[in-house]
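Enquirer:
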Amino acid sequence: MKTNYPIPVRERTLNFPFEYYHYDKTNEFFVVPFHYHEDQQLFRVIKGSVTISANSHLITLNKGDCSVIDAYAVHACQPCSEDTEYESITFNLRDIYDLSMPHYSIIKMVVTHQLVVQTFFTQDSDKVITDVIEDIFRHVHDDDLCTSIRLIGKLTNLFTLIVERNDYILYDNEVAGRFYKHFTKANNVFRYIFDNYTKDITLEDMSKSVELSEKYFCKFFKELTSYRPMEYLNKFRTEVAAIELTTTLDSINEVAKRCGFKDPCYFTKLFKRFVGVSPREYRENHPNLLTYTYNND
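Numbering (the working numbering), first residue to last: -15 to 281.
(1) Can you check DSSP and say which residues form a bridge with N46?
(2) Mind checking whether F178 and V58 have CB atoms under 7 Å apart?
(3) Can you tell me the Cβ-Cβ gap for Y45 and F104, rounded? I've got them flagged as a contact below 8 Å.
(4) Starting from V100, trace the beta strand (DSSP E) in both directions and tell me its first and last residue.
(5) Do I36 and C61 have their beta-carbon atoms positioned less than 7 Å apart in this structure?
(6) Taking just the CA atoms, how far does P248 sit from E228?
(7) Using the three-state DSSP reduction, which class does S72 fall into: helix, strand or coil?
(8) A55 lies in the beta strand (DSSP E); which residues open and close that run?
(9) Does the Cβ-Cβ distance between K47 and V29 come in under 7 Å?
(10) Rounded to the nearest angstrom, what separates K203 and L142 at their Cα positions?
(11) Do D23 and T74 count as a contact pair if the criterion is CB distance below 7 Å?
(12) Alpha carbon to alpha carbon, how far is L208 from A38? Give it in angstroms, no decimals.
(13) I believe Y181 touches V116 by the beta-carbon criterion, under 8 Å. Please report the beta-carbon distance rounded to the nearest angstrom.
(14) Evaluate E265 with the Cβ neighbour count: other Cβ atoms within 10 Å of its Cβ, from every protein chain shown; 16 or more gives buried, anything less gives exposed.
(15) Would you list the one or two residues that DSSP bridges to H59?
(16) Are the beta-carbon atoms of V15 and T231 separated by less than 7 Å?
(17) Tell me, please, which residues DSSP counts as bridged to H125.
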C-alpha cells in the first residue's frame, strides 16, 4: 500500500535550500499521513487547530503555535476542522551548514541526534520562539539575492534561542548512561515501527533495530517514551487508525485490520484506551477529511 504525500508550493533549488508547503481544505493533502524523511521541518498553524503526532508525542496546536520536527521523526498532521489552515518548511541542516566548522557544533549535535530540540512551541508559553518561526515563514516567499542567506540567518537565530532557553534534551553520557549510543539512534525505533506496524512484529524485532537485548531494550524504550514497547506499538496503530477513520470511507473493521489489529474487539478496546472514545464515536464526532488517497501497489 502506497500513500501520496504533499507537493511543495515552492521547491528547493541549488540556490534555495528550503521547500515550502501550504495546507487548507482546497489542498489535496490537507491531512498529512504518518511518514518520515531526512529533512528537518517547521510547522505553523495559520488558522484553526491541528493535531500533530511526532514519535511518542501528540499535541493539538492552535493559531500561531509551531512545531519543530526532527529529521527521520515519524510524524503526521490532522486538522481539527475544515476551516483550518497551516504551513510548513523543510530543510536539511547538512546542506545548509558546514558541520566541520567548530562554530556549528550545536547544529552538528542536532544532526547527530545528541541534542534533541523540543517539538512543540505555543504562543502562550514560547512567544519568542513562535515569533522567530513566523518571521521565517514571512520571508520564505522573498525572491531576491538575499533570500537564502536571510532565511539561514533566521534559522540560525532560531536554534540559538532554543539552546539559550534550554528547550532541548541533551543525550550525553551523564544523562543517558549506558543507553547513550542508543538514544542517538532513537528515531531508528520509531521508523522501524512505522515501516512494520501493519505486520505481526515482536519485541525481539524492535530490540534488534537498536542492537539491544529484549531486557535492556524495554528499559531503554520506557525511559525514552514512558511506554512499554508493545504498548507504544498499539498506541501508534490507534493513531494511524484515527487518521484513517476521518480520511477514508472504509469500515472500522477494515481500518483495524489494515493498522495491524487482527481482532476488531481488541482494536476497539485499545482505541478507547488511547483516544478516549470508541472508533465509531470518533468517526461520528470528526469531519471526514477525505483528501489523500491510498493506492494499492
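We put the CB at the ideal spot given by N, CA and C, even for glycine.
Expert: Looking at the atomic coordinates:
(1) S33
(2) yes
(3) Looking at the sequence itself, residue 45 is Leu, so the reference to Tyr does not match. Sure, about 7 Å apart at Cβ, within 8 Å.
(4) 99 to 101
(5) yes
(6) 15 Å
(7) strand
(8) No beta strand (DSSP E) contains A55, which DSSP labels as neither H nor E.
(9) yes
(10) 33 Å
(11) yes
(12) 13 Å
(13) Not quite, the Cβ-Cβ distance comes to about 35 Å (not below 8 Å), so this is no contact.
(14) exposed
(15) H19, A38
(16) yes
(17) Answer is none; H125 lacks a bridge partner.
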